[in-house]
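Working notes, beginning with the structure itself.
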Amino acid sequence: MPCVLSANTGNVVKIEMQQPERVIHGATVLGGGYAKDGARVYYKGKELKDASASSFVYLGDGYAKDSWRVFYRGWQVENASSSSFQCMEDGYAKDSWRTYYRGEVYDKSSSVKPLGGGYSKDSWTVFYRGQKVEEASASSFEYLDDGYGKDPWSVFYKGRKISDASSSSFQCMRDGYAKDAWNTFYRGEKVDGSSSSSTKNLGGNYTKDTWTVFYKGQKIEDASSSSFEYLGGGYAKDTWRVYYRGMEVKGASSSSFQYMRDGYAKDTWNVYFEGRISSDRF
């Protein structure tokens, strides 16, 4: 049986919902799985029995409302104020009294401001996906990129404090990589053996410093940093070897190897698809 989310308690309350045919003729598609015809509103082909078609609008991020009710992915958000309800971004929304994340109340005020990347804050607290970020300073907290955020004292990845990171020198490098004056990080974890001062992001989840090459934060054994280059589509090479997603492509000729498109690459003797020899010919 379908359910409603209680905005007062956070409890899930069962409600009755009619089950019509999934093929809906003559309905207008609103977006986010919602549709309506002249008399009914639907979410993914199922009628929202209590929704008013005449005033029903889709807001974005799974939220919708009519003149009296608010919905999130087809579930009614109980006690939400339709007249003042507005969708923000990243799953956040608010009315005059509460802030919501993915349809659930997480802060009983309307002063929360989304920052991006799942982060938000009010005057006193920082949140990540609706959960409080411990030890973060709301007044100075900023979202950086790729799940990283910081205040003047600490750095965080997806709401978790990174114990060894220096806030003052911390910078994002894309693809989950970041660095400070002393360390390199991948998805919030320190990359062992990486020289932060010389680390460069090559793309495709590859990085290198003066001596070492990494894929998703893991060292690629025997790769030559000085000649290593990213080709595209997960492929990379140095003077002697070819790699696909961090693994050596055995037998591939580095000197003649080139990436084509859509997972395909070739050297003088073979065509490769996603790092394996293919029977296709070009």
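Each residue of the sequence shown is one higher than the one before, starting from 6 at the first, in my numbering.
Just so you know, even glycine gets a beta-carbon here, dropped at the ideal spot from N, CA and C.
The model shown is predicted, which means the values in this text are computed figures rather than measured ones.
According to the Cβ coordinates, are residue i and residue j closer than 7 Å?
i, j, result
"Ser125", "Pro119", "yes"
"Asp214", "Ser231", "no"
"Asn210", "Tyr220", "yes"
"Ser259", "Lys242", "yes"
"Ser172", "Trp158", "yes"
"Gly164", "Tyr133", "yes"
"Ser261", "Asp272", "yes"
"Ser142", "Asp156", "yes"
"Tyr63", "Gly36", "yes"
"Gly222", "Tyr249", "no"
"Ala56", "Asp42", "no"
"Ser101", "Ser87", "no"
"Val75", "Phe61", "no"
"Glu140", "Lys166", "yes"
Measuring CA to CA, which of the options is closest to residue i?
i, options, result
"Cys177", "Gly152, Lys166, Gly65", "Gly152"
"Glu94", "Asn206, Gly256, Gly65", "Gly65"
"Ser202", "Arg192, Ala183, Tyr235", "Ala183"
"Met252", "Asp267, Asp169, Gly280", "Gly280"
"Arg78", "Ser89, Tyr39, Asp112, Arg179", "Tyr39"
"Tyr68", "Leu149, Ala98, Glu234", "Ala98"
"Asp227", "Val160, Asp180, Thr217", "Thr217"
"Tyr235", "Tyr105, Thr212, Asp197, Ser60", "Thr212"
"Gly268", "Asp185, Gly237, Lys195", "Gly237"
Exposed or buried, residue i, counting other C-beta atoms within 10 Å across all chains shown (16 or more means buried)?
i, result
"Lys49", "exposed"
"Thr244", "exposed"
"Ala85", "buried"
"Lys137", "exposed"
"Gln263", "exposed"
"Val46", "buried"
"Ala270", "buried"
"Met22", "Because Met22 carries a pLDDT of 40, less than 50, the predicted location of this residue cannot be relied on, and no value is offered for it."
"Lys113", "exposed"
Check: Can you give, in chain order, each stretch of the alpha helix (DSSP H) that sits fully within the region 111 to 168 and has at least 4 residues?
Finding: As for any alpha helix (DSSP H) of minimum length 4 sitting wholly inside the region 111 to 168, there is none.
Item checked: Complete runs of the beta strand (DSSP E) confined to the region 178 to 246 [at least 3 residues] -> Correct list: 182 to 184, 189 to 191, 205 to 208, 211 to 213, 218 to 220, 234 to 237, 240 to 242.
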